[in-house]
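Undergrad: Just so you know, the sequences run in chain order U and A.
Under numbering that gives the first Met the number 0, read the first sequence as residues 0 to 257, first letter to last.
Under numbering that gives the first Met the number 0, read the second sequence as residues 0 to 277, first letter to last.
All C-beta atoms in this analysis are idealised placements derived from N, C-alpha and C, irrespective of residue type, glycine included.
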Amino acid sequence: MTAEVISELMREHINRLAASGKRSDGRVFDEPRSLTVHKNYIKTAEGSARVQLGNTDVLVGVKIDVGEPYADTPNQGVLTTSAELIPMASPNFESGPPSPTAIELARVVDRGIRETKTVNTEKLCITPKEKVWIMFIDIHALDYDGNLFDAASYGALSALSCAIVPASKIGKADYPLPLEHWPISVTSAKIGSSIVVDPNLDEERIADARLTVTTDENGDVRAMQKGLKGSFNLEEVRGAIRTSQRVGRTLREVIQQG
Amino acid sequence: MGDVEHIPKELKLIDESGVRLDGRRYDELRPIRIEAGVLKKADGSAYIEWGNNKVLAAVYGPREAHPRHLQDPAKALVQCRYNMAPFSVTERKRPGPDRRSVEISKVISEAFASVVFVEQFPRTSVDIFIEVLQADAGTRCAGLTAASVALADAGIPMRDLVTSCASGKIGGVVALDLNKDEDNFGEADCPMAIVPRTGEIVLLQMDGHLTVDEFERAMDLSIVATKGIYELQRDALRRRYSAMAEQAMEAPPPPPIPSELPPPPDMPEDELPEVDDL
Numbered sequence: 000m001t002a003e004v005i006s007e008l009m010r011e012h013i014n015r016l017a018a019s020g021k022r023s024d025g026r027v028f029d030e031p032r033s034l035t036v037h038k039n040y041i042k043t044a045e046g047s048a049r050v051q052l053g054n055t056d057v058l059v060g061v062k063i064d065v066g067e068p069y070a071d072t073p074n075q076g077v078l079t080t081s082a083e084l085i086p087m088a089s090p091n092f093e094s095g096p097p098s099p100t101a102i103e104l105a106r107v108v109d110r111g112i113r114e115t116k117t118v119n120t121e122k123l124c125i126t127p128k129e130k131v132w133i134m135f136i137d138i139h140a141l142d143y144d145g146n147l148f149d150a151a152s153y154g155a156l157s158a159l160s161c162a163i164v165p166a167s168k169i170g171k172a173d174y175p176l177p178l179e180h181w182p183i184s185v186t187s188a189k190i191g192s193s194i195v196v197d198p199n200l201d202e203e204r205i206a207d208a209r210l211t212v213t214t215d216e217n218g219d220v221r222a223m224q225k226g227l228k229g230s231f232n233l234e235e236v237r238g239a240i241r242t243s244q245r246v247g248r249t250l251r252e253v254i255q256q257g
Numbered sequence: 000m001g002d003v004e005h006i007p008k009e010l011k012l013i014d015e016s017g018v019r020l021d022g023r024r025y026d027e028l029r030p031i032r033i034e035a036g037v038l039k040k041a042d043g044s045a046y047i048e049w050g051n052n053k054v055l056a057a058v059y060g061p062r063e064a065h066p067r068h069l070q071d072p073a074k075a076l077v078q079c080r081y082n083m084a085p086f087s088v089t090e091r092k093r094p095g096p097d098r099r100s101v102e103i104s105k106v107i108s109e110a111f112a113s114v115v116f117v118e119q120f121p122r123t124s125v126d127i128f129i130e131v132l133q134a135d136a137g138t139r140c141a142g143l144t145a146a147s148v149a150l151a152d153a154g155i156p157m158r159d160l161v162t163s164c165a166s167g168k169i170g171g172v173v174a175l176d177l178n179k180d181e182d183n184f185g186e187a188d189c190p191m192a193i194v195p196r197t198g199e200i201v202l203l204q205m206d207g208h209l210t211v212d213e214f215e216r217a218m219d220l221s222i223v224a225t226k227g228i229y230e231l232q233r234d235a236l237r238r239r240y241s242a243m244a245e246q247a248m249e250a251p252p253p254p255p256i257p258s259e260l261p262p263p264p265d266m267p268e269d270e271l272p273e274v275d276d277l
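1. In the DSSP assignment, find the beta strand (DSSP E) that holds Asp-142(U) and state where it starts and stops.
2. Using the beta-carbon count (16 or more within 10 Å), is Met-243(A) buried or exposed?
3. So Glu-172(A) contacts chain U; which residues on that side make the cut at Cβ distance below 7 Å?
4. Around the C-beta of Gln-246(A), are 16 or more other C-beta atoms found within 10 angstroms, so that it is buried, or is it exposed?
5. Taking C-alpha atoms, which residue in Leu-143(A), Asp-180(A), Asp-152(A) and Gly-207(A) lies nearest to Glu-48(A)?
6. Under a three-way DSSP split, which group does Phe-128(A) fall into?
7. With burial defined as no fewer than 16 other Cβ atoms inside 10 Å of the residue's Cβ, what is the status of Gln-256(U): buried or exposed?
8. Compute the distance between the beta-carbons of Leu-202(A) and Ile-107(A), then report whether it is under 9 Å.
9. If we define contact as Cβ-Cβ less than 9 Å, is Cys-189(A) a contact residue for chain U?
10. Please return the same chain residues whose Cβ sits closer than 6 Å to the Cβ of Glu-186(A), not counting the five positions on each side in sequence.
11. Would a C-beta distance cut-off of 9 Å place Asp-277(U) and Lys-62(U) closer than the cut-off?
12. Got a sec, what are the start and stop residues for the beta strand (DSSP E) Gln-51(U) sits in?
13. Chain U beta carbons: is any one of them nearer than 9 Å to that of Lys-226(A)?
14. Residues bridged to Asp-64(U) by DSSP?
15. With a threshold of 6 Å on Cβ separation, who are the neighbours of Ala-35(A) within its own chain once the five nearest residues in sequence on each side are excluded?
16. What span of residues does the beta strand (DSSP E) with Ile-222(A) cover, start to end?
17. Taking Asp-219(U) as the query, report the chain A residues whose CB atoms sit under 8 Å from its CB, ordered along the chain.
18. Pull the bridge partners of His-37(U) from the DSSP assignment, please.
19. Can you tell me whether Phe-116(A) is buried or exposed? The criterion is at least 16 other CB atoms within 10 Å of its CB, across all chains shown.
20. By the criterion of Cβ-Cβ separation under 7 Å, what are the contact partners of Gln-224(U) in chain A?
21. If contact is defined by three or more beta carbon pairs under 8 Å, each pair taking one atom from either stretch, is the region 162–178 of chain U in contact with the region 101–109 of chain U?
22. Count the other C-beta atoms from every protein chain shown that fall within 10 angstroms of the C-beta of Asp-135(A), then say buried if there are 16 or more, exposed otherwise.
23. Comparing the C-beta of Ala-278(A) with each C-beta of chain U, is any distance below 9 Å?
24. Measuring CB to CB, does Tyr-153(U) end up less than 9 Å from Leu-84(U)?
25. Under the DSSP definition of a beta bridge, which residues are partnered with Trp-49(A)?
26. State the DSSP-derived secondary structure class of Cys-140(A), mapped to helix, strand or coil.
27. Could you check whether the Cβ of Gln-256(U) sits closer than 9 Å to any Cβ belonging to chain A?
28. With a threshold of 9 Å between beta carbons, is Ala-162(U) in contact with chain A?
29. Would you check if the distance between the CB atom of Leu-12(A) and the CB atom of Phe-214(A) is smaller than 9 Å?
30. Look at the alpha carbon of Thr-197(A) and the alpha carbon of Gln-232(A), and state the distance between them as a whole number of angstroms.
31. Nearest to Val-220(U) by alpha carbon, out of Cys-189(A), Thr-225(A) and Gln-70(A)?
32. Closest to Asn-217(U) by CA distance: which of Val-58(A), Ala-75(A) and Thr-210(A) is it?
33. Would Asp-42(A) and Gly-60(A) be called neighbours here (beta carbons separated by less than 9 Å)?
34. Do you know offhand how far Thr-249(U)'s Cα is from Phe-135(U)'s?
35. Tell me, to the nearest whole angstrom, how far the beta carbon of Leu-227(U) is from that of Arg-204(U); I am working on the premise that it is less than 8 Å.
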């Protein structure tokens with residue numbers, strides 16, 4: 000996502016719209032794009048989901064395998080998250096090792112899931128200190144039209160919510176991944192002095208700053224990440240948290256029912 | 000963030016009278032010492048001790064941006080590399096960038112981008128190197144705070160210094176500036192960086208579990224603390240400049256200028272340095 004060129008005309012257009020309370024795709028400021036969730040999209044994965052947030056299209060697969068626990072958490076399963084921004088998804092993505100953008104994306108999605116204790120990792124212990132279940136969350140961006148942070152995090156949560164622990168591999172009965180919380184991240188972008196939720200690609204390209212706030216079902220804050228070169232004042236941060244709580248409630252239902 | 004349930008009962012991060020394991024109150028910073036101009040080669044540098052954290056920051060530039068395709072014809076890039084020495088943590092860290100340091104480098108670069116007058120130095124890069132020598136939680140805040148002083152020491156024009164601090168939650172109490180044990184066994188950590196003169200928040204991250212009210216209190220603690228840290232940064236720069244002034248006074252007079260200088264060698268136009276002395 001480096002060295003992107005956006006025409007001054009588009010920049011002015013979006014700025015002028017924002018200044019009059021409008022957005023280029025007709026949404027109001029705190030309105031996310033429509034979210035569709037297709038769970039169990041990939042049969043070879045233990046859990047998967049293809050999610051579309053507007054025209055942003057992300058496929059997330061969860062593979063679950065036997066592995067060793069970390070020394071400091073001998074009786075807990077392990078969660079690892081990676082993201083690939085494949086060249087098919089955008090003219091600005093290049094093949095090669097993960098870019099800082101992809102690493103940040105994976106870590107922000109991971110943080111939301113981990114800090115909310117979404118999966119009860121103690122139920123993923125096979126033999127303490129020796130064997131536990133390891134969850135690999137792999138985020139595959141297919142079509143990039145802005146706000147991968149939220150699309151990927153909805154995809155990851157959806158994929159986890161339908162994942163099956165393949166315990167038959169070790170001679171036991173398969174069981175659903177023990178999911179206990181539903182973290183929802185909502186990203187706000189600052190354009191001039193306006194703040195819009197779920198920025199599309201044009202908005203994201205000209206945004207000064209970005210703030211991703213992950214809340215749980217109680218509305219508590221579980222993770223945050225500010226990005227891009229601009230800044231927020233404290234009042235704007237408060238607003239982004241309130242928006243995340245409100246928008247998150249609706250989107251959580253979509254994912255739970257999807 | 001570890002699970003609170005796993006802490007041995009006797010390990011209380013904060014006791015009934017509000018005293019933390021290292022003797023601090025909930026709103027107390029660890030001792031901080033900043034020194035500017037500690038390296039010879041770098042254009043600017045600073046060293047910070049923040050509790051048991053020891054962090055060096057160096058700044059090079061503005062200089063030609065590499066690789067060239069990253070160059071911005073209208074602006075300077077601000078590129079930070081945050082790195083931890085292998086010996087800086089209890090269990091040896093594998094040398095080189097990992098995912099965590101890539102992310103931290105990215106958010107610190109972004110934190111400085113709106114503060115440096117980047118439009119004054121098109122096609123160049125301002126490179127910030129943060130080297131964590133000894134870590135005890137809060138290294139990104141310490142590194143950013145030192146880097147800010149190093150930028151000023153390098154003479155990079157900025158709107159203001161950037162000051163950073165973290166707050167979190169330990170044993171159910173919102174507290175300022177968590178150390179390693181508190182970070183490991185506490186419930187939340189929320190690092191931030193602010194432009195003190197304007198109140199703009201240029202870095203904000205959070206992980207763990209905070210109610211909205213607790214988040215507000217954590218931010219309040221950090222904002223108050225950054226005011227004091229800002230003074231320490233300014234003081235380090237003042238000491239640096241007064242030392243430089245003294246040196247200049249004591250230095251022997253410059254050699255007399257030869258009456259007939261040789262003509263300057265012809266220098267092709269495009270090899271002229273783009274940026275003069277700052």
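TA: Put simply:
1. Segment 130–142, the beta strand (DSSP E) holding Asp-142(U).
2. Exposed is the call here.
3. Here residue 172(A) turns out to be Val, not Glu, going by the sequence shown. Those within 7 Å of Val-172(A) in chain U number zero; the least Cβ separation is about 16 Å.
4. Per the 10 Å Cβ criterion, exposed.
5. In this structure, Leu-143(A) is the residue among Leu-143(A), Asp-180(A), Asp-152(A) and Gly-207(A) with its C-alpha nearest to the C-alpha of Glu-48(A).
6. It is a strand residue.
7. Exposed is the label assigned to Gln-256(U), since fewer than 16 other Cβ atoms lie within 10 Å of its Cβ.
8. A distance below 9 Å separates the beta carbons of Leu-202(A) and Ile-107(A).
9. Cys-189(A) counts as touching chain U.
10. Same-chain partners within the cutoff: Lys-168, Gly-207 and His-208.
11. Coverage of chain U is limited to positions 0 through 257, which leaves residue 277(U) absent and any answer about it impossible.
12. Taken as a continuous stretch (DSSP letters only), the beta strand (DSSP E) holding Gln-51(U) covers 46–52.
13. Closer than 9 Å: no.
14. The secondary-structure analysis by DSSP pairs Asp-64(U) across a beta bridge with Ile-133(U).
15. Here the set comprises Ala-45, Val-148, Asp-152, Ala-235, Leu-236 and Arg-239.
16. Segment 211–249 is the alpha helix (DSSP H) holding Ile-222(A); no beta strand (DSSP E) there.
17. Chain A residues near Asp-219(U): His-208, Leu-209, Thr-210 and Val-211.
18. Beta-bridge pairing by DSSP links His-37(U) to Arg-49(U).
19. Phe-116(A) comes out exposed.
20. Within 7 Å Cβ-Cβ: Gln-204.
21. No contact exists between the region 101–109 of chain U and the region 162–178 of chain U.
22. Around the CB of Asp-135(A), 16 or more other CB atoms lie within 10 Å, so the residue is classed as buried.
23. Lying before the first or after the last residue shown, residue 278(A) is absent from chain A, which here runs from 0 to 277.
24. No, the pair does not count as a contact, with Cβ atoms beyond the cut-off.
25. For Trp-49(A), which the question treats as bridged, DSSP gives the partners Ile-31(A) and Asn-52(A).
26. Note: Cys-140(A) maps to helix in three-state DSSP.
27. For Gln-256(U), the answer is no, since every Cβ of chain A falls outside 9 Å of its Cβ.
28. It does not; no Cβ of chain A falls within 9 Å.
29. No, they are not a contact pair.
30. Going from the Cα of Thr-197(A) to the Cα of Gln-232(A) covers about 17 Å.
31. Comparing Cα-Cα distances from Val-220(U) to each of Cys-189(A), Thr-225(A) and Gln-70(A), the minimum goes to Cys-189(A).
32. The option with the nearest alpha carbon to Asn-217(U) is Thr-210(A).
33. Taking 9 Å as the Cβ cut-off, Asp-42(A) and Gly-60(A) qualify as a contacting pair.
34. Here the alpha carbon of Thr-249(U) sits roughly 27 Å from the alpha carbon of Phe-135(U).
35. Rounded, the Cβ-Cβ distance is 10 Å, inconsistent with contact.
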